[in-house]
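Residue numbers (my numbering), protein chains in the order written: chain A, 23 to 381; chain B, -17 to 275. Think of the CB as a built atom: it goes at the ideal place given N, C-alpha and C, for glycine as much as any other residue.
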Amino acid sequence: MADIVLSDVSKSYGQVQVLDSVSMHIKSGEFIVFLGPSGCGKSTLLRMIAGLEEVNGGQIHIGDTRVDQLPPNQRGVAMVFQNYALYPHMTVRENMSFGLQNVGTDKAEIARRVEDAARMLEIGALLERRPSQLSGGQRQRVAIGRAIVREPRAFLLDEPLSNLDASLRVRTRVELAQLHQRIGTTMVFVTHDQTEAMTLASRIVVMNNRRIEQIGTPMEVYSRPASRFVAAFVGSPAMNFLPVSSIAESDGQAVVNAGGVSIATEIPIANLPSGDGLTLGVRPDALKVTAGGSISGVVEIMERLGDRTLVHVRLPDGSLVVAEDGGKSALEPGATVSLAAARSEMHIFDAEGIAYHSS
Amino acid sequence: MTAEALPRSQAVATGSRRDRPLDLIGIVLTALTLLVALASFFPIYWAIITSVKPDGEVISGSNSLWPGRFVFDSYIHIWNNTNIATWYVNSFVTSIVITALVIVSSAGCAYALSQLDFPGRRIIYVLILACFMVPMQALIVNHFVLMAQFKLLNTWAGIILPQLIVPVVIIVYKQFFDSVPKEFREAAQMDSAGHFKILFRIYLPMNWGVTAALAIITFIGAWNSFLWPFLAATGEATMTVPVGITQVKDAYGIVYGKLMASAVVAGLPVAIVYLIFQRRVTQAIMLSAGVKG
Ligand SMILES: Nc1ncnc2c1ncn2[C@@H]1O[C@H](COP(=O)(O)OP(=O)(O)O)[C@@H](O)[C@H]1O
Ligand SMILES: [Mg+2]
């Protein structure tokens, strides 16, 4: 088993810097997800671990070995590409055997590993077919199978689900989680889809604009986002942001005036920076429609999801927030509602986007 | 949609294409195509029937489109009185060797230009493109002097070497390799394949059609090439078929029947290759036309 350690890894294409001093420690057996918007450098980082992209600065270790100068095949990692890159002229069996043949694994061992992987992925019946004769989901399994037979120290997966249709994507996501539980090998998974990240990851690495914004478990990232970017990127529906017009104190905790109403938080006022430019952040699930709520507004739109209802509410100062009501909500657009904000789930962001949470 | 237009569009939807009556433009174009096809085919037809007419009928100047009597004297004559068997061997050996070497070296060259990062690769590619603009004829004196100095005139090697320069094959291969998603190479790299393996086990087999097409046009080109083999082979022992058949005329004066018979024999392999690989040949011509266009 082997940890993957990145130390101050940087990457530029010519004058354009794509990654700036990225460091992280991936523990053996973890399911790590790189999450971030398109173009933030997730694939580049993954490909640097794989050895497909040169490292311009910093070091990468896998286990005790420094690998950043080694060719891809000597790093002991396997990669699953977004378009799968299955060799079109080879059968599934040949696709899975090719890498092992190249390193001189003996025939019986190759056959055993291919059969094992095929059984695990339920592609045993497809071994003699060519990729063009497979469905998208089957190709995806073969791509994973080709990685498994190499018995790598880590799997690197670059948006492996993005070519599947929605229902298959959800099913494959679950299967991938099961596979990880079964074989226990480190997985590094790249996606721009926060749902995939939340559901699969042991830890999420949220990336934006050349650097890491936060590394944490899905719940840490969700409930204690390190920055306004993370808060906005993770969670669906997205967090509400309201500019703070003034702050008062109650028992050492901040009470903010935002959206034209006064909202109590459990954020220690001593932690907050002085000055303007603060923003209050509150997720829809922390803003419930309640009879005695302290915040009142007017319903604009109702989004019924069945088990709950998202209510878009116009606050006194004209800003719009999304709040939650039960599935059987009797509200109508135009109605006046009162909302209650969960004090412990309030976040404040300063002008630089740094987050402050309840202690 | 007007009421008038309705039945016609239904006819298109239900009837097969053959049922649809040709409009005037269609008829004119079809007639024109037929005419051009006939005009192109006529000389070949004329050569074939002339070759099977008795000598007397050829010389009598009759322009009949069908021989009065079929005789194979001309063929028997060229078989018995010329070195056509040797010429055939020479043509086959040189054309096949040229094809094999051009394909392997061009694929390797194009792979390097397309996939490897080395200083000067841009310039090398520009030079190859420039070669493409220079016709063989312009270099033929240099080739001749060079081959003479190497003492390779009247050898297979002398016929083959200058014909190994076929930039269009490199260019088509490079475009093909450029179009292969880079993930295939990366997947192969992760699978511990070196560049030779990537080229010969992944890239070329991925689409044999490209190689087949290029091999066919190279073969046809080599088989039909005249000027260089004509200069390089002065003795009958090393002549290729197109060069050899010029000897038929020289040896017997103007004997049309025999001349035509040797022309038919010379063209036969290309005709066979064409008939077998018709689709590939068309594809090859389009591939290289794409480069020229
Ligand atoms: N070969 C390259 N040359 C120049 N710029 C590149 C190259 N590959 C990626 N980039 C740039 O690097 C940035 C990060 O790319 P990438 O890692 O693919 O992003 P992501 O996978 O997060 O969408 C992008 O802005 C992209 O334009
Ligand atoms: Mg990407």
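- Beta-bridge analysis with DSSP links G303 of chain A to A:F263 and A:H369.
- Legend: CB atoms of the segment 116 to 128 of chain A lying less than 8 Å from CB atoms of chain B belong to residues F120, G121, N124 and V125.
- With a 10 Å radius around the Cβ and a threshold of 16 neighbouring Cβ atoms, G140 of chain B comes out buried.
- Using a Cβ-Cβ cut-off of 8 Å, K179 of chain B counts as an interface residue toward chain A, since at least one Cβ of chain A sits closer than that to its own.
- Residue burial annotation: W69 of chain B is buried, with at least 16 other C-beta atoms found within 10 angstroms of its C-beta.
- Per DSSP, the continuous beta strand (DSSP E) segment holding A176 of chain A begins and ends at A176 to D180.
- Runs of the beta strand (DSSP E) lying entirely within the segment 90 to 129 of chain A, each at least 3 residues long, are 99 to 102 in chain order.
- The Cβ of Y109 of chain A sits closer than 8 Å to at least one Cβ of chain B.
- In this structure, E325 of chain A has its beta carbon at no less than 7 Å from each heavy atom of ligand 2.
- For P163 of chain B, the closest Cβ of chain A is nearer than 8 Å.
- Counting C-beta atoms within 10 angstroms of its own C-beta, M115 of chain B has fewer than 16 neighbours from the protein chains shown and is therefore classed as exposed.
- A distance criterion of 7 Å places the beta-carbon of S161 of chain B beyond contact range of ligand 2, judged by its closest non-hydrogen atom.
- What P94 of chain A touches in chain B, judged by beta-carbon distance under 7 Å, is Q171 and M172, going in chain order.
- When DSSP states are grouped into helix, strand and coil, T68 of chain B belongs to the helix group.
- Its Cα nearest to that of N230 of chain A, the residue A:R250 stands out among A:T301, A:R250, A:S224 and A:R172.
- Counting along the chain, the unbroken alpha helix (DSSP H) around T32 of chain B starts and ends at L6 to S33.
- Ligand 1 has a heavy atom closer than 7 Å to the beta-carbon of V38 of chain A.
- Annotation for E181 of chain A indicates a beta carbon within 7 Å of some heavy atom of ligand 2.
- When the Cα atoms are used, G158 of chain A and A107 of chain A turn out to be separated by approximately 12 Å.
- Counting only residues of its own chain and dropping the five nearest sequence neighbours on each side, G146 of chain A has a CB closer than 6 Å to the CB of A140.
- Around the beta carbon of F54 of chain B, fewer than 16 other beta carbons lie within 10 angstroms, which makes this residue exposed.
- Contiguous alpha helix (DSSP H) elements confined to the segment 285 to 347 of chain A do not occur, taking only those with 4 or more residues.
- In summary, R193 of chain A is exposed, with fewer than 16 beta-carbon neighbours lying within 10 Å of its beta-carbon over all protein chains present.
- In this structure, the straight-line span from the alpha carbon of V71 of chain B to that of T222 of chain B is close to 8 Å.
- Residue-level contact by beta carbon fails for M209 of chain A and chain B, as no gap is shorter than 8 Å.
- Counting C-beta pairs closer than 8 Å gives fewer than three between the segment 247 to 262 of chain A and the segment 79 to 87 of chain A, which falls short of the contact rule.
- With 16 or more other Cβ atoms inside 10 Å of its own Cβ, D372 of chain A counts as buried.
- DSSP places Q216 of chain A in the uninterrupted alpha helix (DSSP H) bounded by Q216 to L222.
- Judged by DSSP in its simplified three-state form, V53 of chain B adopts coil rather than helix or strand.
- Fully enclosed alpha helix (DSSP H) runs of no fewer than 4 residues occupy 118 to 131 and 138 to 142 of the segment 111 to 151 of chain B, in order along the chain.
- Spatial neighbours of T64 of chain B in its own chain (CB-CB distance under 8 Å, excluding positions within 5 residues in sequence) are listed in chain order as G226, Q229, V230, A233 and S244.
- Under the DSSP assignment, A199 of chain A falls in the alpha helix (DSSP H) whose first and last residues are A188 to I205.
- Here the alpha carbon of A197 of chain B sits roughly 11 Å from the alpha carbon of V79 of chain B.
- When secondary structure is reduced to three states using DSSP, R88 of chain A falls in the strand class.
- L361 of chain A: member of the beta strand (DSSP E) spanning T358 to A363, first to last residue.
- I291 of chain A is a Cβ neighbour of G274 of chain A, given a cutoff of 8 Å.
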